[in-house]
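In what follows, a structure is listed as structure tokens, so that the remarks can point back to it.
In UniProt numbering, the protein residues as written are 1 to 291.
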């Protein structure tokens, strides 16, 4: 064998293009045996199906990939409260807008919320005005007047007023516990507030009580016109004072006025007569005789 031919063969063998893994790129395969033999690339080897897969019928087809992805999305659905509502209703938009206006206006009107506020110098006077609408002074004062009253007509009015005050306190406390709305400035309640269960903001207990008491006194007491005007003005200022102190929102006070008027109407509907009032007074004095 000539030396030149030997050198050319060695050069061809050392050339990486002439190796087995590159032959399939340079030359087409001649038969299927060569494709299954040494001419197949290592990276193109396919996994042989297992015996269980071979035993499965050929007519069973796998679901498309799109169906699998849709099933996964349905299984990982988020709760409705965590999703963003892209198309809210007009009612929801109006309610959210009114709520935002209510909070903004209430914070701006809270000029006596703290001593360093814009009207902090008159905070003590406004706080004193708010105390006049508290439930504890009215209940204690009504009981004292009831013990000192000598007429049956006066005792009848005072007993019904006491029942109206208790109804107002219990109703407002229950609604506040149910709604649990915080005030615009989230101030801690005082001692009287805890005693009267006036902890939360909605509805305003002072406004409800002031409206109920003023309407009750206007209906059952004979007062001059200036006193009637002062009584109505006091009820309005007692409710507004809670807004100035940053305790309640505008809607809290407005709903409190309406609730106080409702309490007055309820008391008028179930008005206790004089005989029933005398029985209750005797029970209270522990001197009741059954016959």
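Ideal Cβ positions, reconstructed from N, Cα and C, are used throughout, including at glycine.
Tell me which residues share the same chain as residue i and place their Cβ nearer than 6 angstroms to its Cβ, disregarding the 5 neighbours each side in the sequence.
| i | result |
| --- | --- |
| residue 173 | 197 |
| residue 82 | With a pLDDT of only 47 at residue 82, under 50, the local geometry of the prediction cannot be trusted, and the value read off the model is given with reservation. So the list is empty, once near-sequence residues are dropped. |
| residue 157 | 220 |
Starting from the C-beta of residue i, find all residues in its chain whose C-beta is less than 8 angstroms away, skip the five residues before and the five after it, and write them out in chain order.
| i | result |
| --- | --- |
| residue 122 | 112 |
| residue 118 | 111 |
| residue 281 | 146, 155, 159 |
For residue i, collect the residues of the same chain with a Cβ closer than 7 angstroms to its Cβ; drop the 5 residues on either side in sequence, then sort them by chain order.
| i | result |
| --- | --- |
| residue 106 | 184, 243, 249, 250 |
| residue 180 | 200 |
| residue 195 | 136 |
| residue 274 | 152, 156 |
| residue 235 | 210, 211, 214 |
| residue 218 | 228, 231 |
| residue 125 | none |
Can you tell which of the options has the C-alpha that lies nearest to the C-alpha of residue i?
| i | options | result |
| --- | --- | --- |
| residue 168 | 246, 274, 264, 278 | 264 |
| residue 162 | 175, 176, 147 | 147 |
| residue 277 | 153, 138, 90 | 153 |
| residue 233 | 129, 116, 94, 103 | 129 |
| residue 207 | 228, 253, 225 | 253 |
| residue 266 | 216, 115, 138 | 216 |
| residue 139 | 92, 239, 170, 91 | 170 |
| residue 259 | 241, 270, 176, 104 | 176 |
| residue 187 | 223, 224, 114, 240 | 114 |
Since residue i and residue j are thought to touch, with beta carbons under 8 angstroms apart, how far apart are those beta carbons, to the nearest angstrom?
| i | j | result |
| --- | --- | --- |
| residue 165 | residue 132 | At roughly 14 angstroms, the Cβ-Cβ gap does not stay under 8 angstroms, so residue 165 and residue 132 are not in contact. |
| residue 204 | residue 256 | 4 angstroms |
| residue 202 | residue 134 | The pair is not a contact, with the Cβ atoms about 18 angstroms apart (cut-off 8 angstroms). |
When every heavy atom of the ligand GDP is checked, does at least one fall within less than 6 angstroms of the C-beta of residue i?
| i | result |
| --- | --- |
| residue 273 | Here there are no bound small molecules, and the ligand GDP is not part of this structure. |
Quick one: which unbroken alpha helix (DSSP H) runs of 4-plus residues sit fully inside the stretch 238-275? Chain order, please. 250-269
Quick one: which unbroken alpha helix (DSSP H) runs of 4-plus residues sit fully inside the stretch 110-136? Chain order, please. 123-131
Entirely within the stretch 176-215 and at least 4 residues each: give me those alpha helix (DSSP H) ranges in chain order. 191-195
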